[in-house]
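Visitor: Heads up: the sequence lines are chains A and B, in that order. According to the numbering used here, the first sequence is numbered sequentially starting from 878. According to the numbering used here, the second sequence is numbered sequentially starting from 878.
Protein chains: 2
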Amino acid sequence: MIPAMPGHTIDAFHRGGFWLAQPKGSGHRVGMDALMLAAAVPSGFDGRLADFGAGAGGAGLAVVSRCPGATVTLVEQSPEMAQFAAATLALPQNASLKDRALLLIADVTLAGRQRAAAGLADNSFDFVIMNPPFNAAIDRQTPDGLKNQAHVMTDDLFEHWIRSAAAIVRPRGGLAIIARPVSLAPLLAALTGRFGGARIVPVHARADEPAIRIVLRARLAARGALALCPPLVLHEGADNSFTARAAAINDGEASLFGD
Amino acid sequence: MIPAMPGHTIDAFHRGGFWLAQPKGSGHRVGMDALMLAAAVPSGFDGRLADFGAGAGGAGLAVVSRCPGATVTLVEQSPEMAQFAAATLALPQNASLKDRALLLIADVTLAGRQRAAAGLADNSFDFVIMNPPFNAAIDRQTPDGLKNQAHVMTDDLFEHWIRSAAAIVRPRGGLAIIARPVSLAPLLAALTGRFGGARIVPVHARADEPAIRIVLRARLAARGALALCPPLVLHEGADNSFTARAAAINDGEASLFGD
């Protein structure tokens, strides 16, 4: 048994396919969001992937755990969170994956030469995945003024993150993003003129409740029309257990778009 | 039996709740789209409703057929289509509804004083429903140049139709719109700063296929966040029969948002 760092836990994901060192009892712990985001990458993917806002590295490691030909660059701005990603990569349980994972401390909202200088060169990745940290800002119960500010910040955030993704992926390169339904308008606005052929999977906690998340996948400069796919339902039954599809995604045994 | 006008048919909807005179064998015949749009209006609605692009009057009459306290103004730009709406209102089968329905030949894309002069006064309706006629333009297999043009026209169309809806409904008045998923971005952009608290129901022909339509409902100047509701599935089984929910909507026995 590996002793946990103080204030941290070490947890298995994908039935032991990869492990994460992550902060104990904070809002930044890896959960279903990271696993659903990772599941948006096709199982046959075999190129360079960037994980924007990687945190402890959950989504990025879930991709390399499921896709044997993939390499990932975990991009995290916060040195505090990057510590966890570094500890994750140092875990002996992840020895078989660590040669396919890099950690980059960088601000994904940078533009132009500053972004390239920070390690995110134009046209250098095949796929970008992102789970923008806007959720907390919207969740907070705030007066209208602050809430409006949070919304404005969120709109800018999508614009800046997706601008960077469009710069660093090659033509026809992929983008996957997990967000809340409330962010659909700024998200689609930020995609316009950059990524096309978008497919959206709404995610519902239960079949009869409104969606709690959307997972969107698109390709740089693709022309296809936006498609709204059948939803993913996470839980069912009186005991609120995982549906078969959610369990397969949780365990790294299925992709979200069936490819 | 009532003889049909030449080139027309007279058809029952809502199990005989209302009838329509409509052109034979054209793309403008009333179908599930109009009935789903009408079903977005709460069953207890009892105010003035405008049906933009009313055609033969299907969606508007479906509302007054289901909502005893509702009155409708069918707004149609094309005199050719307005003929059918007029014939519909003259049908003896619709005698019990015709006192609650008006027909207005007007262009809903007008603005300012021109719009008011055309019969669409500011702040004079409680609800607007619309099925913008953009589908045909996008459906056509056209070269990229023309297709792009059609998309641009579509974006303008949402902007102009929703601008007019925002002008003519009272504060907190309702809007319902049926559109294709491909139109989600321009539709949400046109709502921004006007209608809020939007709820979207994706409509799937079958549960395992991408959505073919979205039905959106929102309120003028409301602040609520966008919600993505559980989808409506139209058909099921080997014989592709209506699901119970689709049949109830088709028959005017259920509303789409459960209210």
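Even glycine gets a Cβ: it sits at the ideal position worked out from N, Cα and C. The structure displayed is predicted, hence computed values, not measured ones.
(1) Determine the extent of the alpha helix (DSSP H) in which A/Pro-1063 is found, giving its start and end residues.
(2) Taking B/His-1112 as the query, report the chain A residues whose CB atoms sit under 8 Å from its CB, ordered along the chain.
(3) Can you pull the chain B neighbours of A/His-1037, defined as C-beta to C-beta under 8 Å?
(4) Within a Cβ cutoff of 7 Å, which residues of the same chain sit near B/Ala-898, ignoring the five residues on either side of it in sequence?
(5) Who are the neighbours of A/Val-1059 on chain B, taking C-beta pairs under 7 Å?
(6) Could you check whether the Cβ of A/Thr-1069 sits closer than 8 Å to any Cβ belonging to chain B?
(7) Identify every run of the alpha helix (DSSP H) within the region 1036–1095 of chain B, keeping only runs that are complete inside it and at least 4 residues long; order them along the chain.
(8) Identify which residue in B/Arg-1122, B/Thr-948, B/Leu-1065, B/Ser-1041 has its Cα closest to the Cα of B/Ser-973.
(9) Kindly list the residues whose CB is nearer than 6 Å to the CB of A/Gly-924, restricted to its own chain and excluding five residues on each side of it in sequence; keep chain order.
(10) Between A/Leu-914 and chain B, is there a C-beta pair that is closer than 8 Å?
(11) Under a CB-based cut-off of 8 Å, is A/Asp-1085 close to chain B?
(12) So for A/Ser-973, helix, strand or coil by DSSP?
(13) So, is the C-beta of B/Ile-1091 closer than 8 Å to a C-beta in chain A?
(14) Counting only Cβ pairs nearer than 7 Å, list the residues of chain B close to A/Ala-911.
(15) Which residue marks the beginning of the alpha helix (DSSP H) containing B/Asp-1003, and which one marks its end?
(16) Ordered along the chain, which non-local residues of its own chain (more than five positions away) have a Cβ less than 8 Å from that of A/Gly-1135?
(17) Could you tell me the boundaries of the alpha helix (DSSP H) in which A/Pro-956 lies?
(18) Can you give, in chain order, each stretch of the alpha helix (DSSP H) that sits fully within the region 920–961 of chain B and has at least 4 residues?
(19) Applying the 10 Å Cβ sphere with the 16-neighbour rule, what's the burial state of B/Ser-1069?
(20) For chain B, check one thing: does any of its Cβ atoms lie closer than 8 Å to the Cβ of A/Cys-1106?
(21) Would you tell me roughly how many angstroms separate the C-alpha atoms of B/Val-941 and B/Ala-1044, rounded to the nearest one?
(22) For B/Ala-1131, does the three-state DSSP call read helix, strand or coil?
(23) Between A/Ala-1115 and A/Ala-1084, what straight-line distance do the alpha-carbon atoms span, to the nearest angstrom?
(24) Which class does A/Ala-1099 belong to by DSSP, given the choice of helix, strand or coil?
(25) Taking a contact to mean a Cβ-Cβ separation below 8 Å, would you say B/Val-907 touches B/Asp-928 in this structure?
(26) Excluding five sequence neighbours on each side, which residues of the same chain lie with their C-beta closer than 7 Å to the C-beta of A/Arg-992?
(27) For A/Leu-1065, return the contacting residues in chain B, with the cut-off set at a CB-CB distance below 7 Å.
(28) If you compare alpha carbons, which of A/Arg-1094, A/Arg-977, A/Val-1110 is closest to A/Pro-919?
(29) With a 10 Å radius around its C-beta and 16 neighbouring C-beta atoms as the bar for buried, classify A/Pro-1048 as buried or exposed.
(30) How should B/Asn-1117 be labelled, buried or exposed, when 16 other C-beta atoms within 10 angstroms of its C-beta is the threshold for buried?
(31) Determine the chain B residues that contact A/Ala-1088 at a beta-carbon separation under 7 Å, and present them in chain order.
(32) Skipping 5 residues on each side, what residues in its chain have a beta carbon closer than 6 Å to that of B/Ala-995?
(33) Using DSSP with H/G/I as helix, E/B as strand and the rest coil, what is B/Asp-984?
(34) State the start and end residues of the unbroken alpha helix (DSSP H) segment that holds A/Thr-914.
(35) Could you check if A/Pro-945 is buried or exposed, using at least 16 other CB atoms within 10 Å of its CB as the buried criterion?
Guide: Inspection of the coordinates gives the following:
(1) 1061–1068
(2) Those within 8 Å of B/His-1112 in chain A number zero; the least Cβ separation is about 13 Å.
(3) The contacting residues do not exist; A/His-1037 stays about 19 Å from chain B at best.
(4) Met-882, His-885, Ile-887, Ala-933, Phe-961, Ala-964, Thr-965, Leu-968, listed in sequence order.
(5) Ala-1102, Leu-1103
(6) yes
(7) 1061–1068
(8) B/Thr-948
(9) Asp-1003
(10) no
(11) Interface residue, yes.
(12) coil
(13) yes
(14) Residues of chain B passing the Cβ test: none, with the nearest at roughly 21 Å.
(15) Unbroken run through B/Asp-1003 is the beta strand (DSSP E), 1002–1007; no alpha helix (DSSP H).
(16) none
(17) Annotation: the continuous alpha helix (DSSP H) that includes A/Pro-956 extends over 956–967.
(18) 935–943
(19) Looking at the sequence shown, residue 1069 of chain B is not Ser but Thr. Result: exposed.
(20) yes
(21) Distance between the alpha carbons of B/Val-941 and B/Ala-1044: 23 Å.
(22) coil
(23) 13 Å
(24) In the three-state reduction of the DSSP assignment, A/Ala-1099 falls in the coil class, being assigned neither a helical nor a strand state.
(25) no
(26) Ser-1041, Ala-1044
(27) Leu-1061, Ala-1062, Leu-1065
(28) A/Arg-1094
(29) exposed
(30) exposed
(31) Those are Leu-1105, listed as they occur along chain B.
(32) Shown here for B/Ala-995: same chain residues with a beta carbon closer than 6 Å to its own, the five before and five after excluded, namely Ala-983, Leu-987 in chain order.
(33) coil
(34) Residue identity check: residue 914 of chain A is Leu in the sequence provided, not Thr. Residues 909–916.
(35) exposed
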